[in-house]
Amino acid sequence: MAIDFNNESMIFSLHTRHSTYQMQVGQFGHLLHLYYGSRIKDEMDYLIRYMDRGFSGNPYEAGLDKTYSLDALPQEYPTDGTGDYRITCMTIKNTNGTYSCDLRYKGHNISKGKYNIPGLPSIYANKDESDTLEVFLEDATNQLQVTLYYGVIENTDIITRSVRVVNCSKEALFLEKVLSANIDFLYGDYDWYGFHGRHTMERQTQRSKIVHGIQGVGSKRGASSHQYNPFLIIAESKTTEDHGNCYGLCFVYSGDFKAEIELDQYNQTRVTMGLQDEMFSYQLKTEASFYTPEVVMTFSGVGLEKLTHNYHDIFRNNLIRGKYKSMPKPILINNWEATYFDYDGKKIIDIAEQAVELGVEMLVLDDGWFGNRDGDMSGLGDWTVNEKKLGCSLHTLVNRINEMGMKFGLWFEPEMVNEDSELYREHPEWAFIIPNRDPIRSRFQLVLDYSRVEVVDYIYGKICNVLDSANIEYIKWDFNRSISDVYSRSGTSNQGAVLYHYMLGLYNLLERIVQRYPNLLIESCSGGGGRFDAGMLYYSPQIWTSDNTDSIDRIRIQEGTSFAYPISTFGSHLSAVPNHQTGRTTPFETRANVAMVGSFGYELDLNKITTIEKDQVKKQIVYFHKYWDLIHKGDYYRLTSSQDKQQFAAWQYARRDGSEALLCSVTLEIHGNMPAQYVKFKGLLPKYDYIDMNTKKRYSGKALMCAGLPMPFMTNEYQTWQVHLVKVQ
Ligand code: GLA
Numbered sequence: 076m077a078i079d080f081n082n083e084s085m086i087f088s089l090h091t092r093h094s095t096y097q098m099q100v101g102q103f104g105h106l107l108h109l110y111y112g113s114r115i116k117d118e119m120d121y122l123i124r125y126m127d128r129g130f131s132g133n134p135y136e137a138g139l140d141k142t143y144s145l146d147a148l149p150q151e152y153p154t155d156g157t158g159d160y161r162i163t164c165m166t167i168k169n170t171n172g173t174y175s176c177d178l179r180y181k182g183h184n185i186s187k188g189k190y191n192i193p194g195l196p197s198i199y200a201n202k203d204e205s206d207t208l209e210v211f212l213e214d215a216t217n218q219l220q221v222t223l224y225y226g227v228i229e230n231t232d233i234i235t236r237s238v239r240v241v242n243c244s245k246e247a248l249f250l251e252k253v254l255s256a257n258i259d260f261l262y263g264d265y266d267w268y269g270f271h272g273r274h275t276m277e278r279q280t281q282r283s284k285i286v287h288g289i290q291g292v293g294s295k296r297g298a299s300s301h302q303y304n305p306f307l308i309i310a311e312s313k314t315t316e317d318h319g320n321c322y323g324l325c326f327v328y329s330g331d332f333k334a335e336i337e338l339d340q341y342n343q344t345r346v347t348m349g350l351q352d353e354m355f356s357y358q359l360k361t362e363a364s365f366y367t368p369e370v371v372m373t374f375s376g377v378g379l380e381k382l383t384h385n386y387h388d389i390f391r392n393n394l395i396r397g398k399y400k401s402m403p404k405p406i407l408i409n410n411w412e413a414t415y416f417d418y419d420g421k422k423i424i425d426i427a428e429q430a431v432e433l434g435v436e437m438l439v440l441d442d443g444w445f446g447n448r449d450g451d452m453s454g455l456g457d458w459t460v461n462e463k464k465l466g467c468s469l470h471t472l473v474n475r476i477n478e479m480g481m482k483f484g485l486w487f488e489p490e491m492v493n494e495d496s497e498l499y500r501e502h503p504e505w506a507f508i509i510p511n512r513d514p515i516r517s518r519f520q521l522v523l524d525y526s527r528v529e530v531v532d533y534i535y536g537k538i539c540n541v542l543d544s545a546n547i548e549y550i551k552w553d554f555n556r557s558i559s560d561v562y563s564r565s566g567t568s569n570q571g572a573v574l575y576h577y578m579l580g581l582y583n584l585l586e587r588i589v590q591r592y593p594n595l596l597i598e599s600c601s602g603g604g605g606r607f608d609a610g611m612l613y614y615s616p617q618i619w620t621s622d623n624t625d626s627i628d629r630i631r632i633q634e635g636t637s638f639a640y641p642i643s644t645f646g647s648h649l650s651a652v653p654n655h656q657t658g659r660t661t662p663f664e665t666r667a668n669v670a671m672v673g674s675f676g677y678e679l680d681l682n683k684i685t686t687i688e689k690d691q692v693k694k695q696i697v698y699f700h701k702y703w704d705l706i707h708k709g710d711y712y713r714l715t716s717s718q719d720k721q722q723f724a725a726w727q728y729a730r731r732d733g734s735e736a737l738l739c740s741v742t743l744e745i746h747g748n749m750p751a752q753y754v755k756f757k758g759l760l761p762k763y764d765y766i767d768m769n770t771k772k773r774y775s776g777k778a779l780m781c782a783g784l785p786m787p788f789m790t791n792e793y794q795t796w797q798v799h800l801v802k803v804q
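Each residue of the sequence shown is one higher than the one before, starting from 76 at the first, in the working numbering.
Now the structure itself:
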């Protein structure tokens, strides 16, 4: 059993293969956090120092003892109103208007298998690979019961957390803040990694020192956002890719979130993660319960790359579901950058015919095929095929594509409506608009109120009608604005709960579609990577990483994305030059190598490329098939960092058994009389020899890892170089 409870010391120990997480029921029933780090068998309560500290109050039961203060003690689930003035996980507004909640231990339950969370995505695990701890806490005054859930997936070094709140009193109360996880570090110098960005420049890596005060990330956009990813790394200040202690917290949720860090007055570090509390106020009625989304935590004692591998493993094996969990996704061509809205059925057939000749496996018809949608001002919400534009029914078009030997995929943006649409004219009350106020428009669209069951049911019916009408094997599920004007005209008095119910509505819809169409591949998208999060991965094993298809920007975007999310989940396409987002021109081969960091595809009119490039496309497709297994299932290594001054970027894949590796690099800068550049490999077996499959030269794994290889002298910027190594038996 990975979870122990010592009845005498009242200490819980959660063990994974390389980590231990400990907490203790304190003398007054508070749950105190003791330790998270390398696996140990000791009980770590000796670490806690009790001291009399000014302006840090004491619970009443402490009597004359001034050394017991929740303002200083490390806690498992801190709440407001207990004399802890740091950031907390929970704020309750009681019926009498007070803000206090004092949770004490009532009992616990340890069981085999992993809990799941009703209506929310979460990590799944078999009984033989996982254990669950439930700790029952209660506030005796307002009769609020809180269950802390811990899922331990021992072999993967993963611990998951979630919280259930039940109102057992006779009166309704308000949850003003209810987070999912907290970690308190008693001491230490830490840095934090956040992944910030913007539309077309998502998940830029930023490492900062944790300083006194509160720092962190969050979203109030109704989506996890381009701006801040719901993922944090806390790293001891000397931690590198392959050295040092670091911790990850990743939120399995696609809506508003908050992740904060505070270095307190006693140099203790607190980290919290969960639902955004701004504009959240959830009325919890008598007997009602509330579940928080899950936080997936991991610890690595050997640097960031192991932390990354832990996340890649758990998301590939225990989050992603369905047919494409472990099989290659089709290499696709998407018509968006080739045509935008300006197409008809013939243009699409022309693109498909050329693509299939070169070996592309699926045609994805992007925005513009439905309703009155020839631009972004109209049509969203009207999910009926525009046969006039296509020149035939969808069924006929798909049949033609299938007869060519290609699969067919289709774009949807199911959560949105244009004011200029049949749906809006019929149901204006289904869009988020605050009475007597003009709504914020974004891309001329409004957001549908998915907190209403009838809206979700209606859209479900419409999507099913389209999917049932033709052999559609993929959908791109887009979401192209931030949510504003949150107000449900469903008659609810619980308006502060609407965004949370919106997410439940979205997840419910996705789940119904996943269940009804088990062979359907869903690629999630939000203006590129505005909803690239673990919540969406539960339904869609592929996410469009960014609307930016420029290789050089993509290297940075993909690097940031790689810290938590598996390479197999990155939607990545080779597009035309000059690039539509940056105007930059990069070589065809570089564009391909960068787009192969992910689920590969094309986003241009292949009729418009040269004969030499067409030949290259054929080779790229063969190449991607050859390396698919290594790229998608191997261990990913960041060999360079966008945090440093870089003359080149390099990354690498290695099979975990050390049998094969693939290194890719791209020159970022070129100067006169360049110094030689070297690159060192990772993940090889030092005692074995490897053959470089291009040059046929033989090197030991040790030489390749300790001394590396010189890179060829580049004659121009943005050139690419690859090395494929195979272990000598
Ligand atoms: C978003 C997507 C693009 C494309 C357009 C269509 O911006 O990220 O890939 O699908 O919508 O409107």
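Just so it is clear, CB atoms sit at the ideal spot from N, CA and C, and this is done for glycine as well.
Everything numeric in this text was worked out from a predicted model, so none of it was measured.
- In this structure, residue 444 has its CB at a distance of at least 7 Å from all heavy atoms of the ligand GLA.
- In the three-state reduction of the DSSP assignment, residue 715 falls in the coil class.
- By alpha-carbon distance to residue 529, the top candidate from 583, 460, 469 is 583.
- Relative to the ligand GLA, the beta carbon of residue 486 is positioned inside 7 Å of a heavy atom.
- A direct Cα-Cα distance of roughly 18 Å separates residue 744 from residue 713.
- At a threshold of 7 Å, residue 602 counts as near the ligand GLA, since its beta carbon sits closer than that to one of the ligand's heavy atoms.
- Here the region 712-732 makes contact with the region 743-761; the two share three or more CB pairs at distances below 8 Å.
- Note on residue 83: under 16 other CB atoms within 10 angstroms of its CB, so exposed under the neighbour-count rule.
- Counting of Cβ neighbours within 10 angstroms places residue 719 among the exposed residues, the total staying below 16.
- Classified as exposed, residue 788 has fewer than 16 neighbouring CB atoms from the shown chains inside 10 Å of its CB.
- Of the candidates 576, 369, 473, 723, the residue whose Cα lies closest to the Cα of residue 746 is 723.
- Counting the other CB atoms within 10 Å of its CB gives residue 230 a total below 16, which places it among the exposed residues.
- When the Cα atoms are used, residue 678 and residue 220 turn out to be separated by approximately 52 Å.
- Around the beta carbon of residue 687, a 10 Å sphere encloses fewer than 16 other beta carbons of the protein chains shown; the residue is thus reported as exposed.
- Contact between residue 265 and residue 310 holds, with the beta-carbon distance rounding to 7 Å and staying under 8 Å.
- Looking at the DSSP output, residue 770 sits in no beta bridge, so it has no partner there.
- Shortest Cα-Cα distance from residue 170 to any of 126, 119, 242, 103 involves 242.
- 8 Å or more divides the Cβ of residue 152 from the Cβ of residue 239.
- If you ignore the 5 residues before and after residue 492, its C-beta comes within less than 6 Å of the C-beta of 455, 456, 498, 499, 506, 521, 523, all in its own chain and listed in chain order.
- A contact between stretches requires three or more CB pairs, one per stretch, nearer than 8 Å, and the region 441-453 fails this requirement with the region 698-711.
- Here residue 348 carries a strand assignment [DSSP, helix/strand/coil].
- Residue ranges of uninterrupted alpha helix (DSSP H) with 4 or more members, entirely inside the region 479-564 and ordered along the chain, are 497-501, 528-544.
- Between residue 797 and residue 668 a beta carbon distance of about 7 Å is seen, short of the 8 Å cut, so the two are scored as contacting.
- Taking the Cβ atoms as the reference, residue 251 lies roughly 7 Å from residue 167, within the contact range of under 8 Å.
- In the DSSP assignment, residue 785 forms a beta bridge with 753.
- A direct Cα-to-Cα measurement between residue 283 and residue 538 gives close to 44 Å.
- With a cutoff of 7 Å, residue 619 counts as near the ligand GLA, since its C-beta is closer than that to a heavy atom of the ligand.
- Remark: fewer than three beta-carbon pairs, one from each stretch, lie closer than 8 Å, so the region 130-138 and the region 284-302 are not flagged as touching.
- Relative to residue 116, the option among 689, 95, 130 whose CA is nearest is 95.
- The C-beta distance from residue 370 to residue 324 rounds to 5 Å, short enough to meet the 8 Å contact threshold.
- Close CB contacts of residue 488 within its chain, under the 7 Å cut and outside five residues either way in sequence, are with 455, 553, 554, 555 (chain order).
- At least one heavy atom of the ligand GLA sits closer than 7 Å to the Cβ of residue 555.
- Taken in chain order, the whole beta strand (DSSP E) runs of length 3 or more contained in the region 418-442 are 437-440.
- Cα atoms of residue 652 and residue 225: separation of roughly 49 Å, rounded to the nearest angstrom.
- In summary, residue 400 is exposed, with fewer than 16 beta-carbon neighbours lying within 10 Å of its beta-carbon over all protein chains present.
- Straight through space, the alpha carbons of residue 142 and residue 613 are spaced by roughly 46 Å.
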